[in-house]
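**Student:** Numbering (my numbering), first residue to last: 1167 to 1263.
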Amino acid sequence: MVFVDPDLWAQGIGRQLLDAVSGLAADRGHQLLQLWPGQGNQRARRLYEGAGFRPSGRRQQLGGENVIHLVRPLQAEGLYGVRIFGGSSAARPVHRA
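1. With a cut-off of 8 Å, do at least 3 Cβ pairs link the region 1184–1204 to the region 1227–1240?
2. Could you round the C-beta distance between Leu1228 and Trp1202 to whole angstroms and report it? I think they count as a contact, below 8 Å.
3. Reducing DSSP to helix, strand and coil, say where Leu1240 ends up.
4. Identify which residue in Asp1193, Leu1190, Arg1209 and Gln1205 has its Cα closest to the Cα of Gly1178.
5. Below 8 Å CB to CB, which residues in the same chain sit around Val1187 once its five sequence neighbours on both sides are set aside?
6. Who are the near neighbours of Val1168 in its chain, counting only those whose CB is closer than 7 Å to its CB and skipping five residues on each side?
7. Going by other Cβ atoms of all chains shown within 10 Å of its Cβ, with 16 needed for buried, is His1218 buried or exposed?
8. Just curious, the beta strand (DSSP E) that Gln1200 is in, first and last residue?
9. In whole angstroms, what separates the C-alpha of His1235 from that of Gly1216?
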């Protein structure tokens, strides 16, 4: 599990973490990201859905809490390819040294 300290919310840290994980997963050849946020955690769901995650329709109980399954496809183009981030259709090049 990954958490952002509530004192640091609304600074873009959650989105930066999602983008970093997305890039690493795509570089390793994964084609899909999956999350199980609490069904009532609207703040997290807004973040995830704003980053392109969509409900798969699956739900379950985890540790006594109702959770919902969210998924987001990844486009892997290699280390220096073009990758689509977030819910936007705009692509941006990825350059790493």
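Quick reminder that beta carbons are idealized off the backbone N, C-alpha and C, glycines included. Note that this is a predicted model, so its numbers are computed, not measured.
**Tutor:** On the basis of the supplied data:
1. Touching, yes, given that three or more Cβ pairs across the two stretches are closer than 8 Å.
2. Translated into positions along the sequence shown, residue 1228 becomes position 62. Translated into positions along the sequence shown, residue 1202 becomes position 36. Between Leu1228 and Trp1202, the beta carbon gap of about 6 Å places them in contact (Cβ cut-off 8 Å).
3. Residue numbering aside, residue 1240 sits at position 74 when the sequence shown is read from its first letter. Secondary structure at Leu1240: coil, using DSSP grouped into helix, strand and coil.
4. Reading the sequence shown from its first residue, position 12 is the one you call residue 1178. Nearest to Gly1178 by C-alpha distance, out of Asp1193, Leu1190, Arg1209 and Gln1205, is Arg1209.
5. Mapped onto the sequence shown, residue 1187 falls at position 21. Leu1199.
6. As a first step, residue 1168 must be located in the sequence shown, where it is residue number 2. Closer than 7 Å at the Cβ level, and outside the excluded window around Val1168, lie Leu1183.
7. Sequence index remark: in the sequence shown, residue 1218 carries index 52 (1-based). Looking at the sequence shown, residue 1218 is not His but Gly. Answer is buried; the Cβ neighbour count reaches 16.
8. Position 34 of the sequence shown, counting from 1, holds the residue named residue 1200. Segment Leu1198 to Leu1201, the beta strand (DSSP E) holding Gln1200.
9. By 1-based counting over the sequence shown, the position of residue 1235 is 69. By 1-based counting over the sequence shown, the position of residue 1216 is 50. When rounded, the distance between both Cα atoms is 15 Å.
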